[in-house]
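Notes for the one structure printed next.
Residue numbers (this note's numbering): 2 to 164.
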């Protein structure tokens, strides 16, 4: 496994629509492992393949609230319910955040890393992460969906020093 470079806002790859994954390959298995390692190293909740320079419909999510990790290949949101407004950040937009309106509950159909189809329903933060990461696969960033624009946030180590 390896930590990959996270592409940042301004990189054209983040605005491109990703290609459907037709079959699992050893290279894609390595990509998924690297994405989990990269996301963990960056202390993220989710990571989409274009964020590491790969235009494939793959994203990973760490639902730390329920101690569950997900691989979503070719995800399609099939149902949404309610709404929530909350702060979002992105590993591709470091040091920034913004308030975004998302569904409170989301159902997504996707394939796992063995290319077995499954359905996942998430609420709250998991619903937000599913929407955020699937947006990346369509070349969309949260910064274009914020209610009042983006603002600066302090890195966690700076917040700790001030407490």
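We put the CB at the ideal spot given by N, CA and C, even for glycine.
request  = Round the Cβ separation of residue 57 and residue 63 to the nearest angstrom and send it over; I've been treating them as touching at under 8 Å.
outcome  = So it is not a contact: roughly 19 Å between Cβ atoms.
request  = Taking only the alpha-carbon atoms, compute the straight-line gap between residue 133 and residue 27 and give it to the nearest angstrom.
outcome  = Cα to Cα, residue 133 sits roughly 27 Å from residue 27.
query = Counting pairs of beta carbons, one from the stretch 123–133 and one from the stretch 28–37, are three or more of them closer than 8 Å?
reply = The stretch 123–133, when compared against the stretch 28–37, does not touch it at the 8 Å Cβ threshold.
Spatial distance of residue 104 from residue 82 (CA atoms) = Pairing residue 104 with residue 82, the inter-Cα distance amounts to about 6 Å.
C-beta atoms of residue 52 and residue 8 nearer than 7 Å = Contact flag set, yes.
inquiry  = Quick check: residue 140 and residue 17, are their CB atoms within less than 7 Å of each other?
reply    = In contact: residue 140 and residue 17 (Cβ atoms closer than 7 Å).
task = Have a look at the DSSP bridge pairing and note the partners of residue 103.
result = DSSP, once it has assigned bridges, lists 85 as partnering residue 103.
Counted within 10 angstroms of its Cβ, other Cβ atoms place residue 39 as buried (16 or more) or exposed = So residue 39 ends up on the buried side.
task = Determine the extent of the alpha helix (DSSP H) in which residue 138 is found, giving its start and end residues.
result = Counting along the chain, residue 138 sits inside the alpha helix (DSSP H) bounded by residues 126–138.
Nearest residue (CA-CA) to residue 84, options 67, 66, 106 = Looking only at 67, 66, 106, the smallest Cα-Cα distance to residue 84 is reached by 106.
request  = Have a look at residue 66 and residue 115 and give me their C-alpha separation to the nearest angstrom.
outcome  = The C-alpha of residue 115 is placed about 25 Å away from the C-alpha of residue 66.
task = Figure out for me which residue from 73, 117, 30, 4 has the closest Cα to the Cα of residue 109.
result = Looking only at 73, 117, 30, 4, the smallest Cα-Cα distance to residue 109 is reached by 73.
request  = Determine the burial state of residue 145: buried for a count of at least 16 other Cβ atoms within 10 Å of its Cβ, exposed for fewer.
outcome  = Residue burial is scored here from C-beta neighbours: residue 145 has fewer than 16 other C-beta atoms within 10 angstroms and is therefore classed as exposed.
message = Looking at the ligand NAD, does it come within less than 6 Å of residue 149, judged from the CB to the closest heavy atom?
response = In the structure on display, the ligand NAD does not appear, and there are no ligands present to speak of.
ask   = Hey, quick one: how far does the alpha helix (DSSP H) through residue 29 stretch, first residue to last?
value = From DSSP, the alpha helix (DSSP H) with residue 29 extends over 27–42.
message = Using the Cβ count rule (16 or more neighbours within 10 Å means buried), how would you classify residue 135?
response = Residue 135 counts as buried, since no fewer than 16 other beta carbons sit within 10 angstroms of its beta carbon.
query = In this structure, does DSSP put residue 53 in helix, strand or coil?
reply = Helix, per DSSP.
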